[in-house]
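Worksheet for the structure shown next.
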Amino acid sequence: MARLCKPAVSAPEHVITIDETLEFAAQAHAGKPQLPLALRLIRNTGVLKRHIVQPIEQTLRHPGLTERNRIYEAESRKLTPPVIEEALKNADLAARDIDAIIYVSCTGFSMPSLTAWLINTLGFRFDTRQIPIAQLGCAAGGAAVNRAHDFCLAHPGSNVLIVSCELCSLCYQPEADDIGSLLSDGLFGDAVAAAVVRGNGGVGIELERNASYLIPHTEDWISYAVKDTGFHFQLDRRVPGTMEPLAPVLREFAKDHSWDAGSLDFYIVHAGGPRILDDLAKFLEVDRTVFRHSWSTLTEYGNIASAVVFDAARRLFEEDTPLQDATGLIAGFGPGITAEMALGRWSTDGPQELD
Numbered sequence: 008m009a010r011l012c013k014p015a016v017s018a019p020e021h022v023i024t025i026d027e028t029l030e031f032a033a034q035a036h037a038g039k040p041q042l043p044l045a046l047r048l049i050r051n052t053g054v055l056k057r058h059i060v061q062p063i064e065q066t067l068r069h070p071g072l073t074e075r076n077r078i079y080e081a082e083s084r085k086l087t088p089p090v091i092e093e094a095l096k097n098a099d100l101a102a103r104d105i106d107a108i109i110y111v112s113c114t115g116f117s118m119p120s121l122t123a124w125l126i127n128t129l130g131f132r133f134d135t136r137q138i139p140i141a142q143l144g145c146a147a148g149g150a151a152v153n154r155a156h157d158f159c160l161a162h163p164g165s166n167v168l169i170v171s172c173e174l175c176s177l178c179y180q181p182e183a184d185d186i187g188s189l190l191s192d193g194l195f196g197d198a199v200a201a202a203v204v205r206g207n208g209g210v211g212i213e214l215e216r217n218a219s220y221l222i223p224h225t226e227d228w229i230s231y232a233v234k235d236t237g238f239h240f241q242l243d244r245r246v247p248g249t250m251e252p253l254a255p256v257l258r259e260f261a262k263d264h265s266w267d268a269g270s271l272d273f274y275i276v277h278a279g280g281p282r283i284l285d286d287l288a289k290f291l292e293v294d295r296t297v298f299r300h301s302w303s304t305l306t307e308y309g310n311i312a313s314a315v316v317f318d319a320a321r322r323l324f325e326e327d328t329p330l331q332d333a334t335g336l337i338a339g340f341g342p343g344i345t346a347e348m349a350l351g352r353w354s355t356d357g358p359q360e361l362d
């Protein structure tokens with residue numbers, strides 16, 4: 008069965024603290040009537056620091072979409088190879104052992120996908136399948152795990168590399184002063200991650216079941232307005248309340264697998280913000296500490312979009328090793344409103360014989 012091995016995660020060198028975020032926001036939007044509310048919301052995110060690919064002074068000077076996308080392409084090529092190398096090492100595999108690469112990112116655009124550059128540069132086989140996912144936003148981390156699982160089921164014994172590159176600071180719009188934009192400017196950070204899903208063997212989370220769910224008629228709640236100046240993030244005020252309708256979906260998903268979503272051993276959940284995690288704990292009737300890995304990611308990196316689930320999973324691997332067959336949930340939430348869900352159990356068993 009497909010097994011998610013330990014992810015590798017890296018963040019850019021430039022750091023902005025919560026105090027600096029509040030100071031810059033107050034300076035850039037001084038006198039705006041919505042500023043006090045925005046500052047209060049930013050304080051309540053629980054984000055203490057974030058990493059960004061450029062110093063904040065450069066980020067505040069919007070150079071235009073062309074230059075930002077050039078930076079995205081250059082930084083993605085610089086930042087992804089080290090995490091890929093580490094992820095392959097964690098899975099005890101080499102580049103030539105990978106049969107498909109899933110690349111997820113919603114913060115820049117390139118065609119061909121970065122997958123082509125990776126194959127040409129890092130020693131992957133030229134028959135490696137390329138699966139770019141660009142428009143699922145924060146849900147794409149969970150979706151990538153699920154599509155890797157599907158690939159391994161369809162092609163037994165195959166290995167899939169997942170690469171997430173989210174440079175959210177390149178979507179910052181200095182002139183946007185609505186509450187959603189100001190909140191996102193204080194919430195999102197930059198990071199890259201990689202993880203291998205092995206079709207056979209390895210140590211990690213053995214994936215048993217996956218599913219997707221879209222909350223009807225919410226497709227405009229999280230979105231991009233694509234303009235001459237790039238991607239303008241749009242966030243509806245109703246988004247933080249989405250765990251109330253999604254928690255029953257997670258419960259039913261686990262129930263169909265004869266598991267109880269409120270009684271699992273570990274949880275790898277997208278940290279969209281504090282309300283998301285608190286509400287999910289409330290509606291699943293679990294202690295909020297079960298999401299400690301997601302809380303740590305939010306505090307130390309901010310919302311790093313599709314990379315959140317991989318950083319939270321990395322923290323699980325680095326904590327005391329779960330017991331054999333410990334049960335867990337992986338869930339990503341994003342535009343749609345979409346939920347990508349997976350159930351798995353911790354496994355350290357050796358390779359299995361394939362039919």
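Residue numbers (the working numbering): 8 to 362. From the three backbone atoms N, C-alpha and C, an ideal C-beta is built for every residue, glycine too.
Simplified DSSP assignment, three categories, for residue i
i, result
"CYS172", "strand"
"THR296", "helix"
"ASN127", "helix"
"ASN76", "helix"
"ALA146", "helix"
"VAL167", "strand"
"PHE340", "strand"
"PHE116", "coil"
"HIS277", "coil"
"ASN310", "strand"
Cβ-Cβ distance between residue i and residue j below 8 Å
i, j, result
"ALA37", "GLY148", "no"
"ASP310", "GLY196", "Correcting the residue identity first, residue 310 is Asn in this sequence and not Asp. Contact flag set, yes."
"SER117", "GLU80", "yes"
"ALA107", "PHE158", "yes"
"SER165", "GLY209", "no"
"ARG352", "GLU215", "yes"
"ALA146", "GLY269", "no"
"ALA32", "GLY248", "no"
"MET8", "ASN217", "no"
"PRO44", "THR87", "According to the sequence displayed, residue 44 carries Leu and not Pro. Cβ atoms of LEU44 and THR87: not closer than 8 Å."
"LEU350", "ALA232", "no"
"ALA338", "LEU257", "yes"
Cβ neighbour criterion (16 or more within 10 Å) applied to residue i
i, result
"ASP318", "buried"
"ASP235", "exposed"
"GLY71", "exposed"
"ARG47", "exposed"
"GLN34", "exposed"
"LYS85", "exposed"
"HIS277", "buried"
"ALA288", "buried"
"GLU292", "exposed"
"THR24", "exposed"
"PHE133", "exposed"
"GLN61", "buried"
"GLU360", "Confidence at GLU360 is low in this model, with a pLDDT of 46, below 50, so the placement of that residue should be treated as unreliable; the coordinate-derived value is given next. When all chains shown are included, GLU360 counts as exposed."
"CYS12", "buried"
Nearest candidate by alpha-carbon position, reference residue i, set the options
i, options, result
"PRO40", "TRP266, TRP353, ASP184, GLY280", "ASP184"
"VAL54", "GLN61, GLU347, LEU29", "LEU29"
"LEU242", "ARG154, SER191, THR128", "SER191"
"LEU67", "ARG244, THR225, LEU143, LEU177", "LEU177"
"PRO223", "ASN97, GLU92, THR345", "THR345"
Expected contact under 8 Å - CB spacing of residue i and residue j to nearest Å
i, j, result
"HIS58", "PRO19", "5 Å"
"PRO89", "ARG321", "Contact doesn't hold; Cβ gap of about 14 Å is too wide."
"ILE105", "PHE131", "6 Å"
"LEU168", "ILE91", "7 Å"
"THR114", "GLU64", "Incorrect: roughly 20 Å between the Cβ atoms, too far for contact."
"TYR274", "GLY211", "No, TYR274 and GLY211 are not in contact; Cβ-Cβ is about 16 Å, not under 8 Å."
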